[in-house]
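Residue numbers (the working numbering), protein chains in the order written: chain A, 36 to 219; chain B, 36 to 219. Here a beta-carbon is modelled for each residue, glycine too, at the ideal position from N, C-alpha and C. Note sheet for the following structure.
Protein chains: 2
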Amino acid sequence: MWALSTSGGGASYHHGDLRRGLIAAGQDLLRSGGVEAVSFREAARLAGVSHNAPYRHFPSREALLAALATEGFLALHRALDRAAGEARPPDRLTALGRAYLRFAEGDRATFRLMFGGTLDRAAHPDLAEASAAAFGTLRGAVAEREPSASAHRDALRAWALVHGLAHLVADRQIEAAQAEACLV
Amino acid sequence: MWALSTSGGGASYHHGDLRRGLIAAGQDLLRSGGVEAVSFREAARLAGVSHNAPYRHFPSREALLAALATEGFLALHRALDRAAGEARPPDRLTALGRAYLRFAEGDRATFRLMFGGTLDRAAHPDLAEASAAAFGTLRGAVAEREPSASAHRDALRAWALVHGLAHLVADRQIEAAQAEACLV
DNA sequence: GCCGGATGTTGACAATGCCCACATGCTCCG
DNA sequence: CGGAGCATGTGGGCATTGTCAACATCCGGC
């Protein structure tokens, strides 16, 4: 048992791929109980190891949270890229916005962790890189549609609009359908 | 000593106005160390009471956090009202947006607590009321400028834009000046 | 003047993050 | 082939926290 295929960058370990297991456990906890519920010891329990094993893979609880957020940015990036590939230029920006909103709606806890400001990006390079990569796709789509001199400001505005809608949806202040109606 | 003037709704108590003192202590902790740093016991320490005294005023730590968020919405509401009063209709909406951004920038920790999604509005009526009141001012200003049939959607869009900018500023992803430039 | 309830205190318990010393089992080098 | 070295996992322990229960104190109304 435990013949996990390490389908990623992680090394292969003693008892399977514990790092991956802890991230999976953390995602479960995050989605079911929010950031507060992500506990080092509980993640260890779910992964079937002792309460101290996680320290061999994450230097602190915050590092685990950063890994979860990084995972989130990777997923968002994939979703944005997919949406960009399926739409032609005129509608592309709207499609990206919709994908952004769908992501926030589909995994509210992760979205809030990603943008909750709890995590210090400077202290977690992987996180900074993953988030910059995701926004690169968005910025590219804006520049493509609006190649004016004020492209930067327009990109920012588009980003902020979508981001604000996503937060409002994640916080259940508005309905997802209302948010999508604002994208036109 | 401890002759605090209870300048609000709180009753007057045994050792002064502990509820107010705990909120003040909580604000200090919040601003200096983020939500995670707001500890029941530390707030009690700052207020000079035993570790269990807070339970006579807040049923749980989350209730204290809710009170801090409520206080934040009251402050935001005041700021928005003041900005609305100082500007005439054409510029009023922009002025409101600026006030919103200034608030988020000036007290990032409180802003994140208010919109972090950690707090269940349904469980804290005061919080729900205070947040609804603050948004009432914003919505009113939008409707005033854009009395079209799609006023609701426009209000939502304006709110989302400002809200997204505020989040990006609070998370230090963009500069406050960049955000203000997007308000026009 | 005293009595009840609101307010504050002390003590305790489980859970958590993190540190230390120790055990285990790959892996690689001779 | 065998043992050394090191990455990985374990167990115990400590300080802190949120919360509960029992007890103390102090105010206002009878």
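B/L100 CB to nearest chain A CB: under 7 Å? Working through the second sequence from its first residue, we reach residue 100 of chain B at position 65. B/L100 does not count as touching chain A.
Report the start-end ranges of each alpha helix (DSSP H) in the stretch 65-98 of chain B that is 4 residues or longer and not cut off at the edges. Qualifying alpha helix (DSSP H) stretches, in chain order: 75-82.
Drop a sphere of 10 angstroms on the beta-carbon of B/S26, count the other beta-carbons inside from all chains shown, and report buried for 16 or more, exposed for fewer. Residue 26 of chain B is absent from the model: chain B starts at 36 and stops at 219.
Distance, B/A157 Cα to B/A38 Cα: On the second sequence, residue 38 of chain B is found 3 positions in, with the first residue counted as 1. On the second sequence, residue 157 of chain B is found 122 positions in, with the first residue counted as 1. At B/A38 the pLDDT is 36, less than 50, meaning the model places this residue with poor confidence; the figure from the coordinates comes in the next sentence. Roughly 35 Å separates the two Cα atoms.
Can you find at least 3 beta carbon pairs, one from the stretch 92-110 of chain A and one from the stretch 143-162 of chain A, that sit closer than 8 Å? Yes, they touch.
Terminal residues of the continuous alpha helix (DSSP H) containing B/A158? Counted from its first residue, the second sequence places residue 158 of chain B at position 123. Counting along the chain, no alpha helix (DSSP H) covers B/A158, and no H or E run does either.
In chain order, what residues of the same chain lie with their CB nearer than 6 Å to the CB of B/V73, ignoring the 5 residues before and after it? What you label residue 73 of chain B is simply residue 38 of the second sequence in a count that begins at 1. G61, L64 and L65.
Closest by CA to A/Q213, which one among B/A214, B/R192 and B/P89? Translated into the one-based positions of the first sequence, residue 213 of chain A becomes position 178. Taking only the C-alpha atoms, the option nearest A/Q213 is B/R192.
Do you know how far the Cα of A/S185 is from the Cα of A/G69? Taking the first sequence and counting its residues from 1, one reaches residue 69 of chain A at position 34. Taking the first sequence and counting its residues from 1, one reaches residue 185 of chain A at position 150. In this structure, the CA atom of A/G69 is about 39 Å from the CA atom of A/S185.
Tell me whether A/A190, by its Cβ, gets closer than 6 Å to a heavy atom of the ligand MN. As presented, the structure is devoid of all ligands, the ligand MN included, so that no description of it is given.
For B/L203, go through chain A and note every residue whose CB falls closer than 7 Å to its CB, in chain order. Your numbering for residue 203 of chain B matches position 168 in the second sequence. Under the 7 Å cutoff, chain A gives A195 and H198.
Per-residue burial, A/D126 [other beta carbons within 10 Å of its own, 16 or more giving buried]: The residue given as residue 126 of chain A occupies position 91 in the first sequence. By the C-beta density criterion, A/D126 is exposed, having fewer than 16 other C-beta atoms within 10 angstroms.
Tell me where the alpha helix (DSSP H) around A/V204 begins and ends. For the purposes of this step, residue 204 of chain A is taken as the residue at position 169 of the first sequence. Where A/V204 is concerned, the enclosing alpha helix (DSSP H) stretches over A186 to A205.
In the DSSP assignment, the alpha helix (DSSP H) including A/G141 goes from what residue to what residue? Residue 141 of chain A sits at position 106 when you count from the first residue of the first sequence. Counting along the chain, the alpha helix (DSSP H) containing A/G141 begins and ends at P124 to G141.
With DSSP collapsed to three states, give me the class of B/G61. On the second sequence, position 26 is the one that residue 61 of chain B refers to. When DSSP states are grouped into helix, strand and coil, B/G61 belongs to the helix group.
State yes or no: is the C-beta of A/A82 within less than 7 Å of the C-beta of A/L109? The residue labelled residue 82 of chain A in the question sits at position 47 within the first sequence. The residue labelled residue 109 of chain A in the question sits at position 74 within the first sequence. Cβ atoms of A/A82 and A/L109: not closer than 7 Å.
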